[in-house]
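Residue numbers (UniProt numbering): 1 to 244.
Quick reminder that beta carbons are idealized off the backbone N, C-alpha and C, glycines included.
Computed from a prediction, not measured in an experiment: that's the story for all the values here.
This report refers to the structure that appears directly beneath it.
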Amino acid sequence: MVAGKIVLVTGGGNGIGRALCRLLARDGARVVAADRVSTSAQETVNSLSNPKSHLALELDVSDKSSVETGIKCIIETFKAPPSLVANVAGITRDFPILQMNERAFTDVIDVNLKGTFLVTQAAVKALVEHGGKDGAVVNVSSISSKGNYGQANYSASKAGVEAFTKTAAIEFAKLGVRVNCVMPGFTQTAMVETVPEKVKQKVLMMTPLKRFGQPEELAEVIAFLLSDKSSFMTGAKVKVTGGM
């Protein structure tokens with residue numbers, strides 16, 4: 001159950017993050033839609049029932065100061081820190097290794113891996129300081145964590161997210177905070193729209209269900225892992241890949 005709980009969703013301005021915000025709000029959570037683009041976060045909140053019960057937050061997950069300021073804003077708004085966190089924010093900068101510059105590599109690592117670390121650290125620290133427990137964190141990895149041509153940066157960042165999830169689950173168990181991870185396959189989002197058509201067709205051929213996932217399908221799994229329904233799950237990695 002998530003009713004009445006404060007949930008921070010990074011990458012909440014579009015795609016999987018927006019679908020998750022809508023699902024959680026429907027189930028009675030107080031949602032913080034956080035995004036680097038403030039207008040996108042606000043659009044998400046405006047689409048929720050009773051928008052005044054939720055919060056749109058401009059947040060750069062790769063910047064420690066921005067993350068800490070964001071957590072303070074949540075506490076000021078709701079008089080408590082978030083007990084549930086979904087680290088959905090992510091970017092790609094695809095190039096073969098020999099053509100990839102350092103900026104393309106570090107940008108992806110900073111958002112996808114460092115951002116997951118910064119948000120998780122700040123949120124759990126605030127929860128502990130306020131005497132909270134029964135928290136849950138869900139991180140978003142990718143099937144590309146196994147390695148994918150042209151995605152050395154993205155694949156490395158997502159493999160790192162999986163290892164971070166397992167470590168955080170071990171460290172936070174004594175605090176009453178569960179940490180799990182979802183591994184999406186190709187999902188119909190703006191990020192996938194930039195993939196060349198011939199690559200999409202190749203992926204479809206490799207996917208037993210012969211279609212891409214929908215953001216709402218990923219949101220359902222993330223919401224389950226955030227809720228008490230998954231109370232005996234921590235350190236888990238759940239594949240949502242259409243059978244890949």
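Own chain residues within Cβ distance below 7 Å of V9, not counting five before or after: Closer than 7 Å at the Cβ level, and outside the excluded window around V9, lie G17, L20, C21, V31, V32, A33, A34, A86, V88.
CB of A80 within 8 Å of CB of A56, strictly: Using a Cβ distance threshold of 8 Å, A80 and A56 do not count as a contacting pair.
Leaving out five residues before and five after A159 in sequence, what residues of the same chain have Cβ atoms less than 6 Å from its Cβ? Close CB contacts of A159 within its chain, under the 6 Å cut and outside five residues either way in sequence, are with S145 (chain order).
P215 (DSSP reduced to helix, strand or coil): In this structure, DSSP gives P215 a helical state, which the three-state scheme calls helix.
Contact check, K237 vs E162, beta carbons under 8 Å: Yes, these two residues count as a Cβ contact at 8 Å.
With a 10 Å radius around its C-beta and 16 neighbouring C-beta atoms as the bar for buried, classify A168 as buried or exposed. Counting Cβ neighbours within 10 Å, A168 comes out buried, since at least 16 surround it.
Please list the terminal residues of the continuous beta strand (DSSP E) segment that includes K116. First, the residue type needs correcting, since residue 116 is Thr and not Lys in the sequence shown. Counting along the chain, T116 falls outside any beta strand (DSSP E), though it belongs to the alpha helix (DSSP H) covering 115-129.
I want to know whether the stretch 176-187 touches the stretch 215-225 - three or more CB-CB distances under 8 Å. As far as the Cβ criterion goes, the stretch 176-187 touches the stretch 215-225, which means the pair count is three or higher.
So what's G135 in DSSP terms, helix, strand or just coil? DSSP places G135 in strand when its eight states are reduced to three.
If you draw a straight line from the alpha carbon of F105 to that of N153, how long is it in whole angstroms? Counting only the Cα atoms, N153 lies some 5 Å from F105.
Relative to the alpha-carbon of M244, which residue among Q188, S231, L204, G235 has its alpha-carbon at the smallest distance? By alpha-carbon distance to M244, the top candidate from Q188, S231, L204, G235 is L204.
If distances are taken between C-alpha atoms only, which option among P51, I91, L48, L84 comes closest to T189? Taking only the C-alpha atoms, the option nearest T189 is I91.
Assigned exposure category for V138 - 16 Cβ within 10 Å defines buried: A residue is called buried once 16 or more other Cβ atoms fall within 10 Å of its Cβ, and V138 is buried on that count.
6 Å Cβ shell around S230 - same chain, five flanking residues per side excluded: A distance below 6 Å between beta-carbons, with the five flanking residues on each side excluded, links S230 to the following residues of its chain, in chain order: F224.
Apart from the five residues just before and just after P82, which ones in its own chain have a Cβ nearer than 7 Å to its Cβ? Once the five neighbours on either side are set aside, the close Cβ partners of P82 are I6, V7, L8, V32, I74, A123.
Less than 7 Å between C-beta atoms, sequence neighbours within five positions excluded: which residues of the same chain meet that for D134? Cβ within range, chain order: S83, G176.
Would you mind giving the Cβ-Cβ distance between T120 and G235, rounded to the nearest angstrom? I have them listed as a contact below 8 Å. Their Cβ separation, rounded to whole angstroms, is 14 Å, which puts T120 and G235 out of contact at 8 Å.
Pull the bridge partners of M183 from the DSSP assignment, please. Note: M183 sits in a beta bridge opposite K239.
Looking only at its chain, what residues have a beta carbon closer than 7 Å to the beta carbon of G147, apart from the 5 residues adjacent to it on each side? The residues are S155.
Would I109 pass as a contact of S157 if the rule is Cβ separation under 8 Å? In this structure, I109 sits near S157, with a CB-CB distance shorter than 8 Å.
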